[in-house]
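Chemist:
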Amino acid sequence: MFYDHQQIEKKWQKYWEENQTYKTSNNTDKPKFYVLDMFPYPSGAGLHVGHPLGYIASDIYARYKRHQGFNVLHPVGYDSFGLPAEQYAIQTGQHPAITTEQNINRYEEQLRKIGFSFDWSREVRTSDASYYKWTQWIFIQLYHSWYNKNTDKAEPIDSLIQHFEEKGTEGLNANQNDELNFTAEEWKNASEIDKEDILLNYRLAYRAETTVNWCPALGTVLANDEVKDGKSERGGFPVFQKKMMQWSMRISAYSERLLQGLNTLDWPQPLKDSQEYWIGKSQGAQVQFKVEGHDETVEVFTTRPDTIFGATFMVLAPENPLVETITTDAQKVEVDTYIEETSKKTERDRMSDVKNVSGAFTGSYAINPFSNEKMPIYISDYVLMGYGTGAVMAVPAHDERDHRFAKKFNLEIKKVVETEEDVQEKSFDSKDSVCVNSDFLDGLHYNEAKAKMISEIETKGIGHGTTNYRQRDAIFSRQRYWGEPVPIYYKDGMPYTLPTSALPLELPEVEKYLPTEDGDPPLGNAKEFAWDEANQKVVATDLIDDKTIFPLELSTMPGWAGSSWYFLRYMDPNDEETFVKKELADYWGQVDLYIGGSEHATGHLLYSRFWNMFLKDRGYISHDEPFQKLINQGMILGMSAFVYRINGTNQYVSKNLAKGYQTQQIHVDVSLLKGTSDELDTEAFKAWRPDYADAEFILEDGKYITDREVEKMSKSKYNVVNPDDICEEYGADGLRLYEMFLGPLEQSKPWNTQGLSGVYGFLKKFWNLYFNGDVFEVSDEEPTKAEYKVLHTLIKKVVYDIENFSFNTSVSSFMIAVNELQKIKCNKRNILEPLAVIISPYAPHICEELWSLSGHSTSIEFEKFPALNEDYLVEDEIEYPVSVNGKMKFKISLSAQLSAKEVEDLVISNEKMQQILEGKTPKKIIVVPHRIVNIVI
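Each residue of the sequence shown is one higher than the last, beginning at 28 in my numbering.
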């Protein structure tokens, strides 16, 4: 029977949509299972075949869990704020909302074609005001919270104000920017502005001067992962380090909990390692060094206080405020030049560049508080203001980077840890040796020396033991248009939150999407964007009088704001009263399976965990962590095609002739190749771009053969394969099976369209099991034991594979089972119906059709997954190979129930064996049960 995949797939996609087959109920007594994909940013290019890989895997798992009787939440949505739509708006004037809507429609059309079992009724878009109303609400909760270290959680700011009213800062143990000291009386007497200023020091969402990645050409601050090699990832524009007043999120308050929480998660170890390194916990001491001729002191954090006697110079971050104060006139030009150079590097670049050594001398000296020796103070880009104190004591004998710095600037290298190595030539870093040249620490091992030195530091009153974290607070402002407005207005220079009744604060219309002439963010172009405090509404900006009508915040939130809580909104997507009802958050709980890219390790995945912990602290949800199990899918790589252009000409030479010419290798669109071959359609190539219109070709055997290479699939390499084309030719079921068949989910693998014919052949074979010629024919006859064995072998394998996310081996098992059933001409209902259920998570359209043809009026989706019966896998007979003196002589079929002795007796008495023995007695008989018989004569 002809397998018409196009007709079948359209029919069932229409059925699922009309019947809302995948709509999830919140009212059920079924156990829950929450399967989620990292939701996509809807780009203008649409999907290529690499994008659905993770979605197909999660869809198979979601369908499998439905067959197991779970109430499955498998939603979809769009991370729809983003820089590309804004850049397009700047270039064309088209509002980003229009571009985004068009892109989402394209994505949805493509996703529906692949047959995903998403609950489309729960779709969310981060750029919808009904969604970002709650993103703004969460920001307001963060603003009105502080972190109480005594209870180790976030609490309402009112409890902090109460503490100030009763005790001032006495007994306060809070996360803060600066350590403040005041009495209850001083708090009560402070002005409202001063009180607000003090509270900003503790709020979880706060405004402070921060060093940021500033891109003048884009007019915005960029996150570290949006900058590559000192340039913006989008557009390649120069990026500089700049100090600006910015909103920040106090994620640093959660560093220890974020670290400890990793132990409870089933995540890939490399991903956990990334977060652990990013959080960067270290224990040591905070120590103050006096600066000669100045009142200021330099405070450093060191993990090795036991090496303080070996500290021979100091290095400050170029942006450390002390630099300006202590730099001498003679060194000012050199220092200023160096600061300017450093501003062109991102913090990430500075952290990763371990090879290059650079710096500038400030002209000032610190005094080592234990050796009393003078220590020259330098600045260098390897010291970061955000980590520790923005200053390090350099111990070149025992730190590789300090050693390279000392060698470059000819600074003293002093051994203080015992070693036979020459520390003048190479640093020696060890915690296993003992201290030397260190006065009262001499002879002590690392732990003893560290404890003793911390005690001495505290006795001298110049510091204390402490735990430090590399993780810094997350910058929360972007100078962009297309993002969530921050629900803040300014009164007397102080920020105040809008009342929650005024949410959402919607994005205003603007005439242009660039910063204003005064350098304000694009929202500064809005004509209706001021806050009328008395009437609690947004009014025209020209009404601002700073008495009753005040300016609103002009920055927008970063790209990660909306994605830090979207998994919660899916539980209750249409609720207008709250971001998620507590009882629904309690029912759905954690995401049970989360699939997405490893590139989000220190961005989205860290921020989501932070927001989730905060919302739990404040009692809105009950679970500590958002994502229990996480899988990073690999990439599907493209098979690029190249032509060889002879230098200085418009002649193109075929691949195997190119060696004889000086050529340039040029990417060509893979759609210009003939069918699935490597042959270029030369006429299509000439029509592709105007500069190729008069191309001439040097052919081999009358053909132009392109070169091929496996690369990342991307538009710029012209190697993108559109899933729509694959669905058209091979069907969505073919695409789904092939993407899984390519290899293990976590690995990267190359795409090869030619490989689809094998999977498509399998689908046709599977289809025809149910037909006799053109007639659908399924027999109600009881299957044989052999038929049951094929089915239950498959059940056992597929259950194991799905539960271990080994989807590629399942597809191989389907092929083996269908081949075996075809060989024995099986058309029994009790085999073919369960077979359709087993294959349906992978290839839902064909299985729905076969299920329907079998006489069922309901979807296959909720049928119970076939149960394994091990009895069918027990062999009745074993075919034993019989070897004599190491050579196989014959085979004998015996009952599987026989003992080794019974097997031995039957083999010896066998007629063939008797002929071989010729009356001799065997020297040795070895029976390996169910495997082989070896006889030595």
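Note that the Cβ used here is the ideal one computed from N, Cα and C, for glycine as well.
Give me the residue from Val838, Pro531, Glu197, Tyr496 with the minimum Cα distance to Leu285.
Modeler: Checking every option, the nearest Cα to that of Leu285 belongs to Tyr496.
Chemist: Could you say which of Thr446, Ala720, Ile481, Asn474 lies nearest to Asn464 if we only look at CA atoms?
Modeler: For the residues Thr446, Ala720, Ile481, Asn474, the minimum Cα distance to Asn464 belongs to Thr446.
Chemist: Tell me the rounded alpha-carbon separation between Ile481 and Pro332.
Modeler: One C-alpha to the other measures close to 7 Å.
Chemist: I need the straight-line Cα distance from Asn216 to Asn204, nearest angstrom please.
Modeler: Rounded to the nearest angstrom, the two C-alpha atoms are 22 Å apart.
Chemist: On the three-state DSSP scale, how would you describe Trp592?
Modeler: Residue state, collapsed to three classes: coil.
Chemist: Going along the chain, which residues of its own chain have a beta-carbon closer than 6 Å to the beta-carbon of Asn2, five neighbours each way excluded?
Modeler: The question about residue 2 has no answer here: the residues shown for the chain are numbered 28 through 964.
Chemist: Ends of the alpha helix (DSSP H) at Arg966?
Modeler: In the structure as shown, the chain begins at 28 and stops at 964. Residue 966 is therefore absent and cannot be evaluated.
Chemist: What residues in its chain sit with their C-beta under 6 Å from that of Asp708, if we drop five residues either side in the sequence?
Modeler: The answer, listed in chain order, is Leu699, Lys701.
Chemist: Enumerate in chain order the residues of its own chain whose CB-to-CB distance from Ser910 is below 8 Å, with the five nearest sequence positions on each side excluded.
Modeler: Excluding positions up to five away in sequence, the list reads Lys916, Ile959, Val960, Asn961, Ile962.
Chemist: What residues in its chain sit with their C-beta under 8 Å from that of Gln273, if we drop five residues either side in the sequence?
Modeler: Excluding residues within five positions, the ones whose Cβ falls inside 8 Å are Arg234, Ala235, Glu236, Thr237, Val239, Val248, Ile502, Phe503, Ser504, Ser582.
Chemist: Look at the alpha carbon of Ile35 and the alpha carbon of Glu876, and state the distance between them as a whole number of angstroms.
Modeler: Looking at the two C-alpha atoms, the distance is approximately 7 Å.
Chemist: Per DSSP, which residues does Ile919 bridge with? Please list them.
Modeler: Bridge partners of Ile919: Tyr907.
Chemist: With distances taken between CB atoms, is the gap from Leu818 to Ser840 smaller than 8 Å?
Modeler: Not a contact, by the Cβ cut-off of 8 Å.
Chemist: Straight-line CA distance for Phe712 to Gly263?
Modeler: Their backbone Cα atoms lie some 30 Å apart in a straight line.
Chemist: Considering only residues of the same chain and omitting the five flanking positions on each side of Lys160, which have a CB-CB separation below 6 Å?
Modeler: Within the same chain, Lys160 has close Cβ partners Leu530, Pro531.
Chemist: Determine which residues share a DSSP beta bridge with Leu579 and list them.
Modeler: In DSSP, Leu579 forms a bridge with Tyr516.
Chemist: In whole angstroms, what is the alpha-carbon distance linking Lys194 and Leu187?
Modeler: So the alpha carbons of these two residues sit roughly 10 Å apart.
Chemist: Output needed for Glu538: all residues of its chain with C-beta closer than 7 Å, excluding positions within five of it in sequence on either side, in chain order.
Modeler: Contacts found: Asn552.
Chemist: Just checking my contact of Val737 with Pro777 at CB under 8 Å: how many whole Å lie between their CB atoms?
Modeler: Right, the Cβ-Cβ distance comes to about 4 Å (below 8 Å), so this counts as a contact.
Chemist: Taking 8 Å as the threshold (C-beta atoms), are Val381 and Lys435 in contact?
Modeler: No, Cβ-Cβ distance for Lys435 and Val381 is not below 8 Å.
Chemist: What separation, rounded to the nearest whole angstrom, lies between the Cα atoms of Lys92 and Tyr869?
Modeler: Using only the alpha carbons, I get a separation of about 13 Å.
Chemist: Once DSSP output is grouped into helix, strand and coil, what is the label at Ala124?
Modeler: Ala124: helix per DSSP, three-state reduction.
Chemist: What residue range does the beta strand (DSSP E) around Glu405 cover?
Modeler: Rather than Glu, the amino acid found at residue 405 in this sequence is Tyr. Looking at the DSSP string, the run of the beta strand (DSSP E) that includes Tyr405 is 401–406.
Chemist: Could you name the residues that DSSP lists as bridge partners for Pro396?
Modeler: Bridge partners of Pro396: none, in fact.
Chemist: Looking at the secondary structure, which residues open and close the beta strand (DSSP E) in which Asp86 lies?
Modeler: No beta strand (DSSP E) contains Asp86, which is instead part of the alpha helix (DSSP H) from 79–94.
Chemist: Look up Arg152 in the DSSP assignment and say whether it is helix, strand or coil.
Modeler: DSSP places Arg152 in strand when its eight states are reduced to three.
Chemist: Would you mind sorting Ser920 into buried or exposed? The rule is 16 or more other CB atoms within 10 Å of its CB.
Modeler: Result: exposed.
Chemist: So, are the CB atoms of Val566 and Asp559 less than 8 Å apart?
Modeler: Yes, the Cβ-Cβ distance between Val566 and Asp559 is below 8 Å.
Chemist: With distance defined between alpha-carbon atoms, name the residue in Val410, Arg375, Thr355 nearest to Thr15.
Modeler: Since the first residue of the chain shown is 28 and the last is 964, residue 15 is not available in this structure.
Chemist: Give the range of the beta strand (DSSP E) segment to which Tyr523 is assigned.
Modeler: Segment 521–524, the beta strand (DSSP E) holding Tyr523.
Chemist: Taking the C-alpha atoms as reference points, what is the distance between Arg596 and Met584?
Modeler: Going from the Cα of Arg596 to the Cα of Met584 covers about 18 Å.
Chemist: Pop quiz: Gly71 and Asn130 are said to be a contact at Cβ under 8 Å. What is the actual Cβ separation, rounded to whole angstroms?
Modeler: The pair is a contact, with the Cβ atoms about 6 Å apart (cut-off 8 Å).
Chemist: The alpha helix (DSSP H) that contains Met767, what's its start and end?
Modeler: Run containing Met767: 759–768, per the alpha helix (DSSP H) assignment.
Chemist: From the DSSP output, in three-state form, read off Met666 for me.
Modeler: Note: Met666 maps to strand in three-state DSSP.
Chemist: What do you get for Phe467, buried or exposed, if any count of 16 or more other CB atoms within 10 angstroms of its CB means buried?
Modeler: Label assigned to Phe467: exposed.
Chemist: Is the region 287–302 touching the region 648–658, taking contact as three or more C-beta pairs under 8 Å?
Modeler: Yes: at least three Cβ pairs fall under 8 Å.
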